[in-house]
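These notes are about the structure you will find just below.
Chains as they are written, first to last, in my numbering: chain A, 1 to 713; chain B, 714 to 1036.
Right, dumping it as structure tokens:
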């Protein structure tokens, strides 16, 4: 059989067309049911008792009073006596009651004695944190850093920082768990439909309950945000299943907003002292950085500094600081927003010191950006065109009269995005109906739509001619949606499965068209001799020739249909009130490549969302911890701010497509566009006010401090 | 949230009879219910006052204006014609939360809502102390705390959006309790508590705030409110200023300057008022009044920027008032 390819541009009827997400009407009309919406007969409500200490040993847990309270049906201790808790908000006891109110009231009557232990919640450097709280992860040189700085004619030194933020999923983590004999059914808000059953089996074993992964069914048709924080059942998911087992009734347990922000994942901070040098003409020659950051008690990985630019002589050190702030989780493009911020701001400051337009400076050094350098160049120029950079850019410090100053800033980013393991089953029924089934999930990114487009395109059918079945682990196993790997996985496996199914159908139909199967094509709802619509048969009639048995064909991820490695450039325009320090977004332009774009509309939507999310962390987001008590001070959406509709400005998105991009095949897109906004917005603020605000988020306080107008830390 | 009794009176008299130390007045509920959910208050009885007709309505009264305590914030904005003379109130009301919240939230609730101090909201008490009784705010994260009137024990800021405007306009509030009705200046509704049990409002547990009165004397005063906020969408102001001016041509005869979000109570700046009296109000005079307002501020470790915001808010409110 010939290799399976994407259709040639002229033969694409759906791929590359602007198609609205197929589940849009379900979501906007409220018919889409999220985990929060699942209510089972006789269902109980679960609540958890959380640690009030940042670090403590649990001496005694007394659940007696709670167990005797009205409506309480089951209690489960999640952290046993004698063990330690490591952050304020860590789950200690779970219980389930007839009503949510009863569960809450009972949770208030669980008595836990703690012996407090020393804690650290401050986002401090290794010197202040001390050796017990520090892990050095990297101390590495390339080239000759010392000689590099000797060659440098202009050197910039600066300190930059990006704080701990949270995922703040609008649908919090949680599940509804229901036992049916020894089988467990879970409605779980997850990025990992196929991979969660095994985690339930393992987690429940530790709680003394044996259940085979094959006896755990996972259902997640819709979910309200994961961003890397929803890859499994989590301790509260296991607790819900344990409570359901104990009570013999289904249990719904969704995290409260404060719990979501305290425990369900944070993005590690990154701070660094950076020295970077260049020749007078802008050629980068040397880099030195000492960085640190915290992602709770884990080390959170080694951030790839300097970002993208392979500066020939460099010395890079990085340490993790261990803190009691709650655990880190993968946050949309792990590490990249942080390293992008530290790198692109330092380079922008160096450009200012060189007296160069940062666009010219970036282009000057584009040669050391690796294999995507031609893409970055094209994307920077395209973005510059969209925001009229050459017309609107000015040297640092807007000279306009009045308190409001405008400025432009830029940044570039990269990401991998290879396709994950994927298996698709395509079924063609004798009545002409088609189902494609994958144990995948749609995080809101448009996965369902993309699968529909690929299957319908392959079978020559309209979108409505294909039923997409996902969000259930009874379907063929698929990868977790992380690393922007979903679209590559599901689009290629669907293409293969649909092609295999079609080939079987063409064999059945060929004799009636006096042709061989390889002379046939499926197009416009018909099977026809290639290029000869006179010799054709409508899809339904073709399928009727199957007799009683449907066609069932499988497809796996096909590496020849996909690849990895994308680039993007973003430019931001801001207006800063220099009397109040308030920053207003005026515009972001985002130029992005991701190979062959299946659906430009949902792809652009990913980039819009990323620009908004990037604006949130550039201007507002920070998990604020109290040194004295170890508590998080803003576990709510009041002081853990996300941008609102008035705060995001205009967003223009341009997807790089066509020759040079399409032939690379499909590449994931979810993460890369969220990498640049922090750096681009910070650079725009520096350009506007003529001073660097070295830390995110860029609050009025920090702007005024940078301007020397009475700000404080 | 603990279980509670729910009472639904139809007159103020009935409501007052139902109140007491263990009861709370429920109007819009936008603050009370969150306080209850977070176990910060645990009333045994809620007395719903939304069914009391005499508490509603907005209308002219004795040459001035009467605003019922249970009039919603959105109703204020719907009475633009009636309130046209008081942009200070409309500006402040427009800035409150979202349309959904303004549809629920009431004028009385805006005045009597509890502070947003994150130590208070995290369960450390209104005066924010640790288990040993040491104050948390001075050494803690006090970026949103008071820069005036903050020598302790209260460090929070008064969260009311309407209060600075009402105080600047010389408004009065009427209360009714078991000892009968009384009327006080809006400014006197607020106080800085001296002990944990004390409330930041001068209202007795068995009293209901029944109405706000804008006196006839406020008519003809140029007035405005200016808010500085980090986010345009649904955010608490970092600092606000409300001003009301009696002008004689371009000259200020009498000025009322009241800052919000900077002290445990709405903060009247006599220094700014003095600086303005007799002045021709232009940009320089407005800036001078802003500088005067900032004098005497005692920022805590992390809120020095609010001094600058207070300064700018006063300047911009003054310029808006005469625009």
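Heads up, the beta-carbon is just placed ideally off N, CA and C, and yes, glycines get one too.
{"Query": "Closer than 7 Å to chain B by CB, residue 330/A", "Result": "no"}
{"Query": "Three-way DSSP call (helix, strand, coil) for residue 539/A in this model", "Result": "helix"}
{"Query": "Three-way DSSP call (helix, strand, coil) for residue 411/A in this model", "Result": "strand"}
{"Query": "Within 7 Å, strictly: CB atoms of residue 865/B and residue 928/B", "Result": "no"}
{"Query": "Through-space distance from residue 267/A to residue 334/A, alpha-carbon basis", "Result": "8 Å"}
{"Query": "As assigned by DSSP and simplified to three states, the class of residue 687/B", "Result": "Outside the shown range of chain B, which is 714 to 1036, sits residue 687/B, and nothing can be said about it."}
{"Query": "Proximity test, Cβ basis, 7 Å: residue 580/A and chain B", "Result": "yes"}
{"Query": "Among 96/A, 351/A, 57/A and 356/A, the one whose alpha carbon lies nearest that of residue 83/A", "Result": "57/A"}
{"Query": "Minimum Cβ-Cβ distance from residue 677/A to chain B less than 7 Å", "Result": "no"}
{"Query": "Residues that residue 752/B contacts on chain A, provided the C-beta gap is smaller than 8 Å", "Result": "108"}
{"Query": "Under 9 Å from the C-beta of residue 764/A: neighbouring residues of chain B", "Result": "Outside the modelled stretch of chain A, which goes from 1 to 713, sits residue 764/A, for which no answer is possible."}
{"Query": "Presumed contact (8 Å Cβ cut-off) between residue 787/B and residue 761/B, rounded CB distance", "Result": "About 19 Å separates the two Cβ atoms, so there is no contact after all."}
{"Query": "Contact with chain A by residue 804/B, beta-carbon distance below 7 Å", "Result": "no"}
{"Query": "Range of the contiguous alpha helix (DSSP H) that encloses residue 238/A", "Result": "234–247"}
{"Query": "Sufficient close CB pairs (3 or more, under 8 Å) joining the stretch 77–97 of chain A to the stretch 147–164 of chain A", "Result": "no"}
{"Query": "Residue 903/B - partner residues in DSSP beta bridges", "Result": "914/B"}
{"Query": "Buried versus exposed call for residue 175/A [16 or more other C-beta atoms within 10 Å across all chains shown]", "Result": "buried"}
{"Query": "Whole-number beta carbon distance between residue 48/A and residue 107/A, since they are thought to touch under 8 Å", "Result": "7 Å"}
{"Query": "Residue(s) in a DSSP beta bridge with residue 112/A", "Result": "61/A"}
{"Query": "Residue 441/A versus 328/A, 471/A, 449/A and 417/A, residue with shortest Cα-Cα distance", "Result": "471/A"}
{"Query": "Buried or exposed by the 16-neighbour rule on C-beta atoms within 10 Å, applied to residue 19/A", "Result": "buried"}
{"Query": "Whether residue 74/A touches residue 346/A by CB criterion (7 Å)", "Result": "no"}
{"Query": "Distance, residue 942/B Cα to residue 195/A Cα", "Result": "44 Å"}
{"Query": "Proximity below 7 Å, CB of residue 109/A to CB of residue 52/A", "Result": "no"}
{"Query": "Residues near residue 1006/B in its chain [Cβ-Cβ closer than 7 Å; skip 5 each side]", "Result": "970, 972, 982, 984, 985, 1023, 1024 and 1027"}
{"Query": "Neighbour flag for residue 626/A against chain B, beta carbons, 7 Å", "Result": "yes"}
{"Query": "Per-residue contacts from residue 620/A into chain B (C-beta, under 8 Å)", "Result": "943 and 944"}
{"Query": "Nearest neighbour of residue 393/A, chosen from 402/A, 613/A and 571/A [CA to CA]", "Result": "571/A"}
{"Query": "7 Å CB neighbourhood of residue 939/B in its chain, flanking five on each side removed", "Result": "953, 954, 1026, 1029, 1030 and 1033"}
{"Query": "Within chain A, the residues that residue 980/B reaches when beta carbons sit closer than 9 Å", "Result": "Per Cβ cutoff of 9 Å: no residues; residue 980/B is ~18 Å from chain A at best."}
{"Query": "Boundaries of the alpha helix (DSSP H) in which residue 315/A is found, first to last residue", "Result": "Careful: residue 315/A lies outside any alpha helix (DSSP H), inside the beta strand (DSSP E) at 313–321."}
{"Query": "Chain A within 7 Å of residue 755/B, Cβ atoms only", "Result": "no"}
{"Query": "7 Å Cβ cut-off: residues of chain A touching residue 947/B", "Result": "644"}
{"Query": "Beta-carbon gap between residue 408/A and residue 592/A smaller than 7 Å", "Result": "no"}
{"Query": "Chain B contact for residue 704/A (CB, 7 Å cutoff)", "Result": "yes"}
{"Query": "Interface flag, residue 572/A vs chain B, CB-CB below 7 Å", "Result": "no"}
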